[in-house]
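> Quick one: this structure, given as structure tokens, is what I'll be asking you about.
Numbering (the working numbering), first residue to last: 25 to 608.
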């Protein structure tokens, strides 16, 4: 009998997703936001994503053995609830609630999942729902998906789960051992999120922007050490300034923030608008520097001996997407390999919870080698979407996609690239991408101004052939998922300037042909034409929208921007009056 496990995350708060393992093989994984077209899909159920996973596997609800959820009850005899109550003593209603009714959120989570399962046609009397602690699910999504067979250090840094915010442990023979957890409000991810809000962005969405802004600033101009300390093995966030609730929150236009008025008194008014200027660029740099310092101190304290012993580290939680921290980790001589779960945020806990339950039941899970786990569409589906679309797209079927598209890119045009299965996680990795030729001056600005409508100072990333990476990048480390930045070698900065950030680094995807042959072959064609097997690659969406999922989404985005070329499988769509030999 096959063991079939459906992981469902995000039934409370944000980033609902679904993942399906059958006999240790990850058949499908996708975020709900991609279907419902609402970024982070806050307060929604993983309904469409679960429906897709079942359909992709060709199974019925009755075929599922276990539904795994990344949220679990926390015992009153555990330190977590008492720590929360003590640290939030200034808000006695919350403190008491944690002691008396500390699993209320878990009960709501489970009830909502049960309701969702009923809508999907599950029989609640027959299906087993298994709860996995949130940070254990993150840990599993890193360790069990890493493919590491030797003893592995495991780190999870997040906003918070039930109560835990940070996890240190190790994995061996498939089993995860917990060394230490920190609890809310002592959350490094929460602190970064609070400063993200102060710097004018949405928490859970703008942290990448703070990281992108940091290289423009000078961290030495402001000392942020008062915000958090790590001493004698304990992380303490200063809740006079951040990670605050209730009356301690700074409020503006009816909205409460995760920082206090005291932070405003110290640093001045919160940033507004799209300009990255003084002093905010220096604040971003100082926050990033403090974050890196504390994360590395915690890692050394709790995992240093294990890393020295084996050289292997697995990392998840929202903060694992901080590629600058990851660059510092892999620069450590004792770290031989770092595996970062590509969907490190809460969406990835659907994979983690399902993987954890699978291993617990004696079925190990395969290494996660790619993220092409969402829906795909045939040429017939695409032509039908074109026929239905109000803009009446003109299209042609082309035979030599990589060659033809590479020529269009080298002529200076950005292209919307829609191929194969949708990526799982926040990174566009050649399934749903906007691509450009990185040696064409100004192509990044053009994509920013005309298509992505996003802040000018945010970097664009390169995807490259595995033969190019050793020449272009200073460190040789696997990077299939854009979870690391690397120093770009001299000579290459001038060759592909559009994908090198202000600080001389690039967040790279290094391709192996076996996972996405057409994407790889496009780089081969670019190399023939320009000498560089590298493409500028950003996600196929407009600012504030989720990544495109279906051909209709792609057409809507295409006609809502200044893009001129859209290739979906073999179907090339162009706008009226597009110049050159591509005119229809």
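We put the beta carbon where it would ideally sit given N, CA and C, even for glycine.
1) Would you mind stating whether residue 351 and residue 309 have Cβ atoms separated by less than 9 angstroms?
2) Going by CA-CA distance only, name the one from 253, 600, 258 and 594 that's closest to residue 583.
3) Take residue 520 and list the residues in its own chain whose beta-carbon comes closer than 7 angstroms to its own, dropping the five residues that flank it on each side.
4) So, residue 381 versus residue 34, is the Cβ gap smaller than 9 angstroms?
5) In its own chain, which residues sit with a C-beta less than 7 angstroms from the C-beta of residue 608, not counting the 5 before and 5 after it?
6) Looking at the unbroken beta strand (DSSP E) that takes in residue 54, where does it start and where does it end?
7) Take residue 299 as the anchor and find which of 240, 549 and 388 has the nearest alpha-carbon.
8) Looking at the structure shown, is residue 427 part of a helix, part of a strand, or coil, going by DSSP?
9) Return the first residue and the last residue of the beta strand (DSSP E) that residue 201 is part of.
10) Report yes if the C-beta distance between residue 202 and residue 193 is below 9 angstroms; otherwise report no.
11) Taking 8 angstroms as the limit between beta carbons, can you name the residues of its chain near residue 427, skipping five residues before and five after?
12) Quick one: measure Cβ to Cβ for residue 473 and residue 395, integer angstroms, because I've assumed they're closer than 8 angstroms.
13) Measuring only the C-alpha atoms, how far is residue 410 from residue 592?
14) Which parts of the region 238-293 are runs of the alpha helix (DSSP H), unbroken and 4 residues or longer, counting only runs that do not cross its ends?
15) Would you report the Cα separation of residue 337 and residue 551, rounded to the nearest angstrom?
16) Flag this pair as yes or no: are the beta carbons of residue 488 and residue 453 separated by less than 9 angstroms?
17) Looking at C-alpha atoms only, which residue of 72, 416, 195 and 249 is the closest neighbour of residue 312?
18) Alpha carbon to alpha carbon, what distance is there between residue 594 and residue 118?
19) Whole angstroms is fine: what's the gap from residue 494's alpha carbon to residue 225's?
20) For the structure I just gave you, are there three or more beta carbon pairs, one from the region 203-222 and one from the region 255-272, closer than 8 angstroms?
21) Give me the residue from 345, 276 and 522 with the minimum Cα distance to residue 561.
22) Just tell me which of 156, 186 and 198 has its CA closest to the CA of residue 176.
23) Going by the beta-carbon positions, is the gap between residue 358 and residue 331 smaller than 9 angstroms?
24) Could you spell out where the alpha helix (DSSP H) holding residue 166 opens and where it closes?
25) Near residue 275, which residues of its chain fall below 8 angstroms by C-beta distance, leaving aside the five closest residues on each side in sequence?
26) Is the region 375-394 close to the region 78-96, with three or more CB pairs under 8 angstroms?
27) Looking only at its own chain, which residues have a Cβ that is under 7 angstroms from the Cβ of residue 341, when we skip the five neighbours before and after it?
28) Please go through the same chain and pick out, in chain order, the residues whose beta-carbon is closer than 7 angstroms to the beta-carbon of residue 113, but skip the five residues on each side of it.
29) Suppose you measure from the CA of residue 641 to the CA of residue 56; what does that come to, to the nearest Å?
30) Tell me the start and end of each unbroken beta strand (DSSP E) in the region 344-418 that is at least 3 residues and wholly inside, in chain order.
31) Excluding the 5 residues flanking residue 153 on each side, which residues of the same chain have their C-beta closer than 6 angstroms to its C-beta?
32) If residue 318 sits next to residue 252, beta carbons under 8 angstroms apart, how far is it from one beta carbon to the other, in whole angstroms?
Taking the definition as stated:
1) No, they are not a contact pair.
2) With respect to the C-alpha of residue 583, the residue from 253, 600, 258 and 594 having the closest C-alpha is 600.
3) The beta carbon of residue 520 sits closer than 7 angstroms to the beta carbons of 462, 463, 486, 556 and 558 from its chain, once the five residues preceding and following it are set aside; these are given in chain order.
4) The Cβ-Cβ distance between residue 381 and residue 34 does not fall below 9 angstroms.
5) Since pLDDT at residue 608 reaches only 35, below the 50 mark, its modelled position is unreliable, and the value read off the structure follows with that caveat. Contacts found: 418, 420 and 598.
6) That run of the beta strand (DSSP E) goes 49-55.
7) Ranking the options by Cα distance to residue 299, first place goes to 240.
8) Correct three-state label for residue 427: helix.
9) From DSSP, the beta strand (DSSP E) with residue 201 extends over 199-207.
10) Cβ distance < 9 angstroms, so residue 202 and residue 193 count as in contact.
11) Once the five neighbours on either side are set aside, the close Cβ partners of residue 427 are 549.
12) Rounded to the nearest angstrom, the Cβ distance from residue 473 to residue 395 is 29 angstroms, too far for a contact under 8 angstroms.
13) Those two C-alpha atoms are separated by around 11 angstroms.
14) Listed in chain order, the complete alpha helix (DSSP H) runs (minimum 4 residues) inside the region 238-293 are 285-291.
15) So the alpha carbons of these two residues sit roughly 34 angstroms apart.
16) It is not a contact, given that the beta carbons lie outside the stated cut-off.
17) When each option's Cα is compared against that of residue 312, the closest is 249.
18) If you take the alpha carbons of residue 118 and residue 594, they lie about 56 angstroms apart.
19) Just so you know, the alpha carbons of residue 494 and residue 225 end up roughly 36 angstroms apart.
20) By the Cβ test, the region 203-222 is in contact with the region 255-272, since at least three Cβ pairs between them sit closer than 8 angstroms.
21) The shortest C-alpha separation from residue 561 is found at 522.
22) Of the candidates 156, 186 and 198, the residue whose Cα lies closest to the Cα of residue 176 is 198.
23) Contact annotation: residue 358 and residue 331 have beta-carbon atoms nearer than 9 angstroms.
24) 158-170 is the span of the alpha helix (DSSP H), which, as asked, contains residue 166.
25) So the list reads 281, once near-sequence residues are dropped.
26) Yes, the region 375-394 touches the region 78-96.
27) Excluding sequence neighbours, residue 341 sits near 162, 180, 181, 182, 213 and 368.
28) Only 119 meet the Cβ criterion.
29) For residue 641 there is no data in the structure shown, the boundaries of the chain being 25 and 608.
30) Counting whole runs of 3 or more residues, the region 344-418 contains the beta strand (DSSP E) stretches 361-364.
31) If we look at residue 153 and ignore the five residues flanking it on each side, its Cβ neighbours are 91.
32) Indeed they touch by this definition, with Cβ atoms about 6 angstroms apart.
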